[in-house]
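Novice: There's a structure below that I have some questions on.
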Amino acid sequence: MTHPLEPIPIIDSHVHFVHRERMDELLDLLDSVPCTRFNLVCIPNPDATTHNPAALYFKQHHPQRVFISGALDYSVLSDPGRAPDLLAAQVVFLKARGYDGLKMIEGKPQVRKLLPYRLDGPLYAGLWDAVERENFPVVFHVADPDVFWDKGGCPDWARRSGWDYSDGTYPSKEELYAEVDNILERHPDLKIILAHFYFLSLDLDRADRFLDHHPAICFDLAPHTDMYRDFSQDPAAARAFFIRHQDRIIYGSDMDTRALVRGADGRRFMQSIPLLIRSFLERNGEFTLPDGTTYFGLGLPLPVLEKIYATNFERLYGSVPAPLKETL
Ligand SMILES: [Zn+2]
Numbered sequence: 212m213t214h215p216l217e218p219i220p221i222i223d224s225h226v227h228f229v230h231r232e233r234m235d236e237l238l239d240l241l242d243s244v245p246c247t248r249f250n251l252v253c254i255p256n257p258d259a260t261t262h263n264p265a266a267l268y269f270k271q272h273h274p275q276r277v278f279i280s281g282a283l284d285y286s287v288l289s290d291p292g293r294a295p296d297l298l299a300a301q302v303v304f305l306k307a308r309g310y311d312g313l314k315m316i317e318g319k320p321q322v323r324k325l326l327p328y329r330l331d332g333p334l335y336a337g338l339w340d341a342v343e344r345e346n347f348p349v350v351f352h353v354a355d356p357d358v359f360w361d362k363g364g365c366p367d368w369a370r371r372s373g374w375d376y377s378d379g380t381y382p383s384k385e386e387l388y389a390e391v392d393n394i395l396e397r398h399p400d401l402k403i404i405l406a407h408f409y410f411l412s413l414d415l416d417r418a419d420r421f422l423d424h425h426p427a428i429c430f431d432l433a434p435h436t437d438m439y440r441d442f443s444q445d446p447a448a449a450r451a452f453f454i455r456h457q458d459r460i461i462y463g464s465d466m467d468t469r470a471l472v473r474g475a476d477g478r479r480f481m482q483s484i485p486l487l488i489r490s491f492l493e494r495n496g497e498f499t500l501p502d503g504t505t506y507f508g509l510g511l512p513l514p515v516l517e518k519i520y521a522t523n524f525e526r527l528y529g530s531v532p533a534p535l536k537e538t539l
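Mind the numbering: the sequence shown is residues 212 to 539 in my numbering, read in order.
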């Protein structure tokens, strides 16, 4: 299928870069969307290292195009008494170093179990103060698709990734949402992009109430399991939602070099994501992707697309990436 889509600038708010040797390959993929700029979102590894060095490497090579959202360094947990202050200090350090924002995956149930600290609890209290004070945007992954808590319904590929939450040892989606609500009550000025549409694609009424209640919060469009099939169930309702919240929705693909290293299949999968998202936003009515799957497009007007593709992100992150400070 040829790209039927508008030639307008796109910023991808949600890209994972882990493998330095894949920089040019990832750049090619992003150029083909085409993305003018993109935000590398870093996460901590189980061994307490992070994706931050890889993101710095990319930004050093392409400083005009790359925003970076750093991961927190959890090696500070070895000093429990000082850990809250040390996490808060990392916000100041990352910003001074030339990071554009923070990425937190700490609300993903798998990670929330590994780092068993309430998101609204004492470990993070100083961090949220610092994030708000420093006006530092955050891409925040909270919850996961409902089906991951359902023993019978959790897909095998998700189970293999450790995302079957049905055994009762993981926080529930509602517990995670309650923790986020408490944070936002205390810090109404936080600039947070909740990843994957906050996993509310099946409940647009709730998503609507949430965005009304928290006027500084945005959702990104990085797909999860069935997100675009969910939207396609009631295209008129989805379209009304996207028009109503056109200032709060941000393009993101979840492109990931960890998929590229899987080979041709992974690369095809990465290529398919921007086509799905763009077709959904721009095409009018039913459309079929090359793999035969069918969705309903919203046919959004150009001024709305411009917000979702770029200006909403720029409102939070600025229109150009922060310069790196090598000397720190
Ligand atoms: Zn992601």
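Positions of the beta carbon are idealized from the N, C-alpha and C atoms, including for glycine.
1) In or out: alanine 521 buried (at least 16 other Cβ within 10 Å) or exposed?
2) Along the alpha helix (DSSP H) that carries phenylalanine 524, what are the first and last residues, could you check?
3) With distances taken from CA atoms, which of Tyr268, Asn256, Glu396 and Asp437 is nearest leucine 411?
4) Could you check whether leucine 422 and arginine 459 sit closer than 8 Å to each other, using their CB atoms as the reference points?
5) Using beta-carbon positions only, say whether glycine 281 and leucine 313 come within less than 8 Å of one another.
6) Check whether the Cβ of histidine 225 sits closer than 7 Å to any heavy atom of ligand 1, and report yes or no.
7) Are the Cβ atoms of glycine 318 and leucine 395 separated by less than 8 Å?
8) Counting pairs of Cβ atoms below 8 Å between the stretch 465-482 and the stretch 225-245, do you hit three or more?
9) So alanine 433 and histidine 456 are in contact, right, with Cβ under 8 Å, and what is the actual spacing, rounded?
10) Taking the straight line between their C-alpha atoms, what separation do you get for proline 366 and arginine 417?
11) Between valine 252 and ligand 1, is the CB less than 7 Å from at least one heavy atom?
12) Taking a contact to mean a Cβ-Cβ separation below 8 Å, would you say asparagine 250 touches tyrosine 528 in this structure?
13) When the distance is taken between beta carbons, is valine 350 closer than 8 Å to serine 224?
14) Mind listing, in chain order, the continuous alpha helix (DSSP H) runs of no fewer than 4 residues lying wholly within the stretch 323-404?
15) How close, in whole Å, do the beta carbons of phenylalanine 442 and tyrosine 409 come, if the pair is a contact with beta carbons under 8 Å?
16) Apply the 10 Å Cβ neighbour rule to arginine 248 and answer buried if 16 or more other Cβ atoms are within range, or exposed otherwise.
17) What residues are listed by DSSP as bridge partners for glycine 578?
18) Can you give me the C-alpha to C-alpha distance between tyrosine 376 and tryptophan 360, rounded to a whole angstrom?
19) CB of alanine 433 to nearest heavy atom of ligand 2: below 7 Å?
20) Would the beta-carbon of phenylalanine 269 fall within 8 Å of that of methionine 234?
21) Span of the alpha helix (DSSP H) holding arginine 469?
22) Using only the heavy atoms of ligand 1, determine whether one of them is closer than 7 Å to the beta carbon of serine 423.
23) Nearest to proline 327 by alpha carbon, out of Gln301, His424 and Tyr381?
24) Would DSSP call isoleucine 519 helix, strand or coil?
25) In the DSSP output, which residue or residues are listed as bridge partners for proline 264?
26) Just the Cα atoms here: how many angstroms apart are proline 426 and alanine 470?
27) Considering only residues of the same chain and omitting the five flanking positions on each side of methionine 212, which have a CB-CB separation below 7 Å?
28) For asparagine 523, is the classification buried or exposed, using 16 other Cβ atoms within 10 angstroms of its Cβ as the cut-off for buried?
29) Alpha carbons only, please: which of Ala451, Ile461, Leu401 and Leu413 is nearest the one belonging to tyrosine 439?
30) Less than 6 Å between C-beta atoms, sequence neighbours within five positions excluded: which residues of the same chain meet that for threonine 499?
31) With a threshold of 7 Å (Cβ to nearest heavy atom), would alanine 406 be considered close to ligand 1?
32) Apart from the five residues just before and just after leucine 511, which ones in its own chain have a Cβ nearer than 7 Å to its Cβ?
33) What are the boundary residues of the alpha helix (DSSP H) that arginine 420 is part of?
Specialist: By the coordinates alone:
1) Against the sequence shown, residue 521 aligns to sequence position 310. Alanine 521 comes out buried.
2) Locating residue 524 in the sequence shown gives position 313, counting from the first residue. Following the DSSP letters along the chain, one finds phenylalanine 524 inside the alpha helix (DSSP H) bounded by residues 523-528.
3) By 1-based counting over the sequence shown, the position of residue 411 is 200. For the residues Tyr268, Asn256, Glu396 and Asp437, the minimum Cα distance to leucine 411 belongs to Asp437.
4) Sequence index remark: in the sequence shown, residue 459 carries index 248 (1-based). Sequence index remark: in the sequence shown, residue 422 carries index 211 (1-based). Contact flag set, yes.
5) Your numbering for residue 281 matches position 70 in the sequence shown. Your numbering for residue 313 matches position 102 in the sequence shown. Yes, Cβ-Cβ distance for glycine 281 and leucine 313 is below 8 Å.
6) By 1-based counting over the sequence shown, the position of residue 225 is 14. Indeed, a heavy atom of ligand 1 lies less than 7 Å from the Cβ.
7) Indexing the sequence shown from 1 puts residue 318 at position 107. Indexing the sequence shown from 1 puts residue 395 at position 184. No, they are not a contact pair.
8) Result yes; three or more Cβ-Cβ pairs closer than 8 Å.
9) For the purposes of this step, residue 433 is taken as residue 222 along the sequence shown, with counting starting at 1. For the purposes of this step, residue 456 is taken as residue 245 along the sequence shown, with counting starting at 1. Actually they are not in contact, since the Cβ atoms of alanine 433 and histidine 456 sit about 16 Å apart, beyond 8 Å.
10) Translated into the one-based positions of the sequence shown, residue 366 becomes position 155. Translated into the one-based positions of the sequence shown, residue 417 becomes position 206. When rounded, the separation of the alpha-carbon atoms in proline 366 and arginine 417 is 25 Å.
11) For the purposes of this step, residue 252 is taken as the residue at position 41 of the sequence shown. Short note on valine 252: C-beta closer than 7 Å to some heavy atom of ligand 1.
12) In the sequence shown, counting from the first residue as 1, residue 250 sits at position 39. In the sequence shown, counting from the first residue as 1, residue 528 sits at position 317. Yes, the Cβ-Cβ distance between asparagine 250 and tyrosine 528 is below 8 Å.
13) For this step, residue 224 is matched to residue 13 along the sequence shown. For this step, residue 350 is matched to residue 139 along the sequence shown. With contacts defined by Cβ atoms closer than 8 Å, serine 224 and valine 350 form a contacting pair.
14) The alpha helix (DSSP H) runs of length 4 or more contained entirely in the stretch 323-404 are, from start to end of the chain, 333-344, 367-371 and 384-397.
15) Mapped onto the sequence shown, residue 442 falls at position 231. Mapped onto the sequence shown, residue 409 falls at position 198. Not a contact, Cβ separation roughly 14 Å.
16) The residue labelled residue 248 in the question sits at position 37 within the sequence shown. That one is buried.
17) With the chain running from 212 to 539 in the structure shown, residue 578 is simply not present.
18) Reading the sequence shown from its first residue, position 165 is the one you call residue 376. Reading the sequence shown from its first residue, position 149 is the one you call residue 360. If you draw a straight line from the Cα of tyrosine 376 to the Cα of tryptophan 360, it is about 5 Å long.
19) Ligands in the displayed structure: ligand 1; ligand 2 is not one of them.
20) Counting from one through the sequence shown, the residue named residue 269 turns up at place 58. Counting from one through the sequence shown, the residue named residue 234 turns up at place 23. Closer than 8 Å, so yes.
21) As a first step, residue 469 must be located in the sequence shown, where it is residue number 258. That run of the alpha helix (DSSP H) goes 468-471.
22) As a working note, residue 423 is residue 212 in the sequence shown. For the sequence presented, residue 423 should be read as aspartate rather than serine. Not under cutoff, so the answer is no.
23) Walking along the sequence shown from the start, residue 327 turns up at place 116. Of Gln301, His424 and Tyr381, the smallest CA-CA separation from proline 327 is found for Tyr381.
24) Mapped onto the sequence shown, residue 519 falls at position 308. Helix, per DSSP.
25) Locating residue 264 in the sequence shown gives position 53, where the first residue counts as 1. DSSP lists no partner for proline 264.
26) Within the sequence shown, residue 426 is the residue found at index 215, counting from 1. Within the sequence shown, residue 470 is the residue found at index 259, counting from 1. So the two alpha carbons sit approximately 34 Å from each other.
27) Translated into the one-based positions of the sequence shown, residue 212 becomes position 1. At methionine 212, the pLDDT of 39 sits below 50, so the modelled position is not reliable; the number obtained from the coordinates is stated separately. Listed in chain order, the non-local C-beta contacts of methionine 212 below 7 Å within the same chain comprise Pro501, local neighbours out to five positions each way being set aside.
28) Position 312 of the sequence shown holds residue 523. By the Cβ-count criterion, asparagine 523 is buried, with 16 or more other Cβ atoms from all chains shown falling within 10 Å of its own Cβ.
29) Locating residue 439 in the sequence shown gives position 228, counting from the first residue. Answer by Cα proximity: Leu413.
30) Walking along the sequence shown from the start, residue 499 turns up at place 288. Leaving aside the five residues that flank threonine 499 on each side, the residues in its chain whose CB is nearer than 6 Å to its CB run, in chain order, Thr505.
31) Sequence index remark: in the sequence shown, residue 406 carries index 195 (1-based). Under cutoff, so the answer is yes.
32) Position 300 of the sequence shown, counted from the start, is the residue given in the question as residue 511. Cβ neighbours of leucine 511 beyond the five flanking positions: Phe453, Leu492 and Glu493.
33) Here residue 420 refers to the residue found at position 209 of the sequence shown. Taken as a continuous stretch (DSSP letters only), the alpha helix (DSSP H) holding arginine 420 covers 415-424.
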